[in-house]
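Numbering-wise, the numbering used here puts 259 at position 180 of the sequence shown, and it's gapless, one number per residue.
For glycine and all other residues, C-beta sits at the position ideal for the given N, C-alpha and C.
Since the structure comes first, as structure tokens, the remarks are kept for the end.
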Amino acid sequence: MGFFDFHHHKKNTSKGIYNLEYGETPAGFPYSIGIHPQDIQCESIECQFDWLKSNITENCFAIGECGLDGLISTEQKIQEQVFKRHIEISNEFKKPLIIHCVRKFYEVISFRKIANQPMIIHGFNKKQSIADDLLKNKFYLSFGKPVLYNLSLQNVLKTTPLDKIFLETDNEDFNIEELYVKVSKLKGISLEKLNEQILENLETIQHG
80 MGFFDFHHHK KNTSKGIYNL EYGETPAGFP YSIGIHPQDI QCESIECQFD WLKSNITENC
140 FAIGECGLDG LISTEQKIQE QVFKRHIEIS NEFKKPLIIH CVRKFYEVIS FRKIANQPMI
200 IHGFNKKQSI ADDLLKNKFY LSFGKPVLYN LSLQNVLKTT PLDKIFLETD NEDFNIEELY
260 VKVSKLKGIS LEKLNEQILE NLETIQHG
């Protein structure tokens with residue numbers, strides 16, 4: 080059984096969504112494309128968006144990762160302008176958005192009203208109240224390696240509806256199957272059922 084890796088940085092993994100790095104050329108497998116907050120270059124932002132839009136091919140599954148990061152030096156106002164443009168591109172090309180968010184969840188939620196496409200928070204590892212607010216606003220949550228050992232996050236995952244979940248390795252070096260096995264146990268369902276549900280969720284965010 081193959082396990083879909085919702086957000087990864089490994090070029091040799093075809094069953095998943097590869098996070099295209101800025102300046103890269105797409106290869107022949109599913110990828111997402113965006114300008115990470117820490118990669119924003121204010122003096123050449125138009126070139127960055129030209130690269131983004133010109134590389135949205137049929138293998139492009141999603142726009143991102145993009146979003147807001149409270150720990151970097153780039154001004155929040157600039158981050159928000161760049162994030163808004165990603166949302167507009169997502170609307171234009173009818174692609175879901177993969178979101179990077181650090182300490183700016185309520186700001187990200189405030190942008191939900193202008194997005195026509197599904198929004199997925201990747202690498203979610205926060206507390207229950209933030210998960211509840213995101214789910215209430217129709218976000219999906221993608222979970223990674225911390226689920227294997229973080230008891231608090233395991234409890235969050237238990238209460239997250241199956242039809243709102245994705246699983247990912249991000250840039251961690253471990254086998255995605257470990258995560259599927261853990262989550263199937265936490266959810267009390269078979270590995271097959273979990274795998275089937277994730278693929279169904281993918282279909283939903285891609286085609287509505």
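C-beta contact flag for Asn-82 and Glu-256 at 7 Å: The amino acid occupying residue 82 in the given sequence is Phe; Asn does not appear at that position. For the pair Phe-82 and Glu-256, the CB atoms are nearer than the 7 Å cut-off.
Considering only residues of the same chain and omitting the five flanking positions on each side of Ala-210, which have a CB-CB separation below 8 Å? For Ala-210, where only same-chain residues beyond five positions count, the Cβ hits under 8 Å are Phe-203, Leu-220, Val-235, Thr-238 and Thr-239.
Please name the residue, chosen from Val-260, Lys-192, Asp-242 and Phe-162, that lies closest to Leu-278 on a Cα-to-Cα basis. Asp-242
For Ser-111, does the three-state DSSP call read helix, strand or coil? strand
So, with DSSP's three-state summary, where would you put Leu-299? Since the displayed the chain opens at 80 and closes at 287, residue 299 lies outside it and no answer follows.
As a quick exercise: from Ile-200, Thr-248 and Leu-281, pick the residue whose alpha carbon is nearest that of Thr-92. Thr-248
Going straight from the alpha carbon of His-129 to that of Phe-108, what length do you get? Inspection of the sequence shows that residue 129 is occupied by Asp rather than by His. In a straight line, the C-alpha of Asp-129 is about 21 Å away from that of Phe-108.
Which of the three DSSP states is assigned to Ile-119 in this structure? coil
As assigned by DSSP and simplified to three states, the class of Glu-247: coil
The beta strand (DSSP E) enclosing Ser-221, as first and last residue numbers: Ser-221 -> beta strand (DSSP E) spans 219 to 222.
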